[in-house]
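Participant:
In our numbering, the protein residues as written are 1420 to 1781.
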């Protein structure tokens, strides 16, 4: 009996280690696999990298935003404007142009609605919805730059206004950061219509013409309020590259670009498909200088005197940048007749006296 009890106790003692090994095996089975652990570490690294990136951006904007230039108000937009001289019968006879180009500022209501819509469709269709910045466009531009090593425009109309009027034209990281920050400030300070008004009166349209009024006059011989849909689309297409897409120099390129703008206007709901098709088939009629202003520079002696008189009246100002509309007493029909009579008389005198012979032969 004693032997049996010993056997039983020894057998019961031998079972305990086996149980402990079983428990250890189940704990090992519950440990996460290498893949799960690696995934966790990767998520942590991504989160830390994101936080570091956000911190870097905050630091970058804080550093370059320390010396931001002051943003302007609508009333501060006072660019130089061309001064024109008209005869008493309404003919344009002289233009005084500032060194920074030809510009005539017009009110927002005096710009054809089709012209406003065409600019929005071509440059910034979400202008009235965003807060000065197109974040999706910025990400898309970054993607194209990294993937295809090709820069794609992502600047909104608000950013372009800031770039043209407030910042220097240099292409640096500091200027781009300041452009982004100032665009938000400008969007907060000005109404959307005011920003678009400044843009349409400031943007370059080629051949030395700034603003939609001068562009309409130069290319089509009319005011900005009178532009048709096809003419508006043509001008809106110029903004991308004014000299390369000029209808006066490159009519085929201009037509292709106009077709693109009209297509964008249709797709983005500014016009109907029928309107886009009709405008696409319209011919582009660019006027020449004689058609625009047949009497321009035809009375040089008279207008030279007018210039001297303007300089005498405004001695401390740049006449060519004041945007004056000067009407003088000259009658162009009589002036041209008088100039022709003078030429005829001088030729007759020359033929009688023989003054046409050279004084000396070298």
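Glycine included, each C-beta is placed from N, C-alpha and C at the ideal position.
Keep in mind the model is a prediction, meaning the values are calculated, not measured.
#1: Quick one: does the C-beta of residue 1747 sit closer than 6 angstroms to a heavy atom of the ligand NAP?
#2: Who are the near neighbours of residue 1779 in its chain, counting only those whose CB is closer than 7 angstroms to its CB and skipping five residues on each side?
#3: Is DSSP giving residue 1697 helix, strand or coil here?
#4: Please name the residue, chosen from 1624, 1770, 1686, that lies closest to residue 1667 on a Cα-to-Cα basis.
#5: Please state whether DSSP places residue 1635 in a helix, a strand or coil.
#6: Does the beta-carbon of residue 1465 have 16 or more other beta-carbons within 10 angstroms, so that it is buried, or is it exposed?
#7: Between residue 1503 and the rest of its own chain, which residues show a CB-CB distance below 8 angstroms, the 5 nearest in sequence each way excluded?
#8: With DSSP as the reference, label residue 1509 as helix, strand or coil.
#9: Below 8 angstroms, can you find three or more Cβ-Cβ pairs linking the stretch 1743 to 1762 to the stretch 1528 to 1536?
#10: Could you work out which residue in 1456, 1698, 1551 is closest to residue 1652 when comparing CA atoms only?
#11: Using a threshold of 7 angstroms, state whether the C-beta atoms of residue 1517 and residue 1740 are closer than that.
#12: Taking residue 1542 as the reference, give the member of 1649, 1658, 1772, 1643 with the closest Cα.
#13: Should residue 1551 go down as buried or exposed, given a rule of 16 or more other Cβ atoms within 10 Å for buried?
#14: So residue 1728 and residue 1738 are supposed to be a Cβ contact under 8 angstroms. How far apart are they, rounded?
#15: Is the separation between the beta-carbon of residue 1714 and that of residue 1751 shorter than 7 angstroms?
#16: How would you write the range of the alpha helix (DSSP H) that residue 1653 sits in, first residue to last?
#17: Taking the alpha-carbon of residue 1547 as reference, which of 1622, 1499, 1613 has the nearest alpha-carbon?
#18: Taking DSSP as the reference, what is the three-state secondary structure of residue 1514?
#19: Assuming contact is defined by CB atoms lying nearer than 7 angstroms, are residue 1680 and residue 1620 in contact in what I supplied?
#20: Select from 1759, 1629, 1462, 1586 the residue whose C-alpha is nearest the C-alpha of residue 1498.
#21: Suppose contacts are defined by Cβ-Cβ distances below 7 angstroms. Is residue 1643 in contact with residue 1631 by that definition?
#22: Comparing alpha-carbon positions, which option in 1598, 1536, 1734, 1640 lies nearest residue 1709?
#23: With DSSP as the reference, identify every bridge partner of residue 1623, one or two as the case may be.
Facilitator: If we stick to the structure as given:
#1: Ligands in the displayed structure: none, and consequently the ligand NAP is not present.
#2: Shown here for residue 1779: not one same chain residue has a beta carbon closer than 7 angstroms to its own, the five before and five after excluded.
#3: If DSSP states are grouped into helix, strand and coil, residue 1697 belongs with the helices.
#4: Nearest of 1624, 1770, 1686 to residue 1667, Cα basis: 1624.
#5: Correct three-state label for residue 1635: helix.
#6: Counting C-beta atoms within 10 angstroms of its own C-beta, residue 1465 has fewer than 16 neighbours from the protein chains shown and is therefore classed as exposed.
#7: Excluding positions up to five away in sequence, the list reads 1511, 1513, 1514, 1515, 1743, 1744, 1745.
#8: In the structure shown, residue 1509 sits in coil (DSSP, three-state: anything other than H, G, I, E or B).
#9: No contact exists between the stretch 1743 to 1762 and the stretch 1528 to 1536.
#10: Nearest C-alpha to residue 1652: 1698.
#11: Taking 7 angstroms as the Cβ cut-off, residue 1517 and residue 1740 qualify as a contacting pair.
#12: Considering only alpha carbons, the answer is 1658.
#13: Residue 1551 is buried by the Cβ-count criterion.
#14: Not confirmed; about 10 angstroms, so no contact.
#15: Yes.
#16: Note, residue 1653: alpha helix (DSSP H), 1648 to 1657.
#17: Ranking 1622, 1499, 1613 by CA distance to the CA of residue 1547 puts 1613 first.
#18: Residue state, collapsed to three classes: strand.
#19: Their beta carbons are not under 7 angstroms apart, which means residue 1680 does not touch residue 1620 by this criterion.
#20: Put simply, of 1759, 1629, 1462, 1586 the residue whose alpha carbon is nearest the alpha carbon of residue 1498 is 1629.
#21: Their beta carbons are under 7 angstroms apart, which means residue 1643 touches residue 1631 by this criterion.
#22: The shortest C-alpha separation from residue 1709 is found at 1640.
#23: DSSP, once it has assigned bridges, lists 1629 as partnering residue 1623.
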